[in-house]
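A short worksheet on the structure shown next.
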Amino acid sequence: MAKRLELFLTFARISASCFGGGYAMLPFFQRELVMKKQWLTDEELLDIHAIAQCTPGVISVNVSTFCGYQTRGFVGALCATAGLLTPPILIVLVISAFFWAYADYPTVQYALTGIRACVAALIINSTVKLYRKAVLDLPTFLVFLLVFLLAAFVKLSPPLLVLGAFVVGLLSAVLSRRENRP
Numbered sequence: 009m010a011k012r013l014e015l016f017l018t019f020a021r022i023s024a025s026c027f028g029g030g031y032a033m034l035p036f037f038q039r040e041l042v043m044k045k046q047w048l049t050d051e052e053l054l055d056i057h058a059i060a061q062c063t064p065g066v067i068s069v070n071v072s073t074f075c076g077y078q079t080r081g082f083v084g085a086l087c088a089t090a091g092l093l094t095p096p097i098l099i100v101l102v103i104s105a106f107f108w109a110y111a112d113y114p115t116v117q118y119a120l121t122g123i124r125a126c127v128a129a130l131i132i133n134s135t136v137k138l139y140r141k142a143v144l145d146l147p148t149f150l151v152f153l154l155v156f157l158l159a160a161f162v163k164l165s166p167p168l169l170v171l172g173a174f175v176v177g178l179l180s181a182v183l184s185r186r187e188n189r190p
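Quick note on my numbering: the sequence shown kicks off at 9 and runs consecutively.
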């Protein structure tokens with residue numbers, strides 16, 4: 009079980025070393041919380057990330073709060089959330105003092121372009137890993153494909169998509185049970 013200070017420091021380290029928000033942080037959460045600390049399984053992290061997308065607020069903050077709660081209850085949620093928020097607040101305070109004065113410099117623009125490309129690669133890597141864990145059979149592939157198409161081309165909101173996938177999953181479970189009855 010995670011100690012409070014360890015929770016705070018783990019989430020502070022994740023947020024201090026990651027750029028790009030909730031989706032970009034997913035590989036960092038996966039590496040720290042699943043692989044290194046073994047506080048969560050891949051499936052639990054997937055579930056937490058899905059719920060975090062459906063709840064109001066910033067995805068990464070929601071994920072940290074849910075993870076902290078899962079490991080140490082209410083106090084763990086507070087420690088993980090405080091850990092996640094402290095480095096960005098301090099970093100943004102420092103950067104904001106200088107950014108606008110130098111934002112138009114070509115060197116700064118090139119650096120930001122490189123960071124955006126890196127974040128995109130990290131998101132794709134995390135997506136491939138999650139796909140391998142979440143899409144297990146034809147029905148889950150069809151849900152994946154439908155949600156992807158609706159998100160990409162119809163622009164439905166993520167909470168609606170998750171709610172729809174939830175309903176399809178429940179219906180699939182009910183139908184599966186009926187088929188397996190003697």
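Idealized CB from N, CA, C, for every residue including glycine.
Quick check on residue i: buried or exposed, where buried means 16 or more other Cβ atoms within 10 Å of its Cβ?
i	result
R39	exposed
A32	buried
T135	exposed
F19	buried
A181	exposed
I97	exposed
C26	buried
S184	exposed
Just to confirm, is the Cβ distance from residue i to residue j under 8 Å?
i	j	result
I47	T94	Correcting the residue type first, residue 47 is Trp in the shown sequence and not Ile. No, Cβ-Cβ distance for W47 and T94 is not below 8 Å.
G76	L15	yes
F37	V71	yes
A58	V170	yes
L41	L138	no
G81	L17	no
Going by DSSP in three states, residue i sits in which element: helix, strand or coil?
i	result
Y113	coil
W47	coil
T63	coil
Any chance the segment 82-89 sits against the segment 106-113, with 3 or more Cβ pairs inside 8 Å? Too few Cβ pairs lie closer than 8 Å, so no.
Does the count of Cβ pairs from the segment 130-146 and the segment 41-57 closer than 8 Å reach three? Pairwise C-beta distances place the segment 130-146 in contact with the segment 41-57, as three or more of them are shorter than 8 Å.
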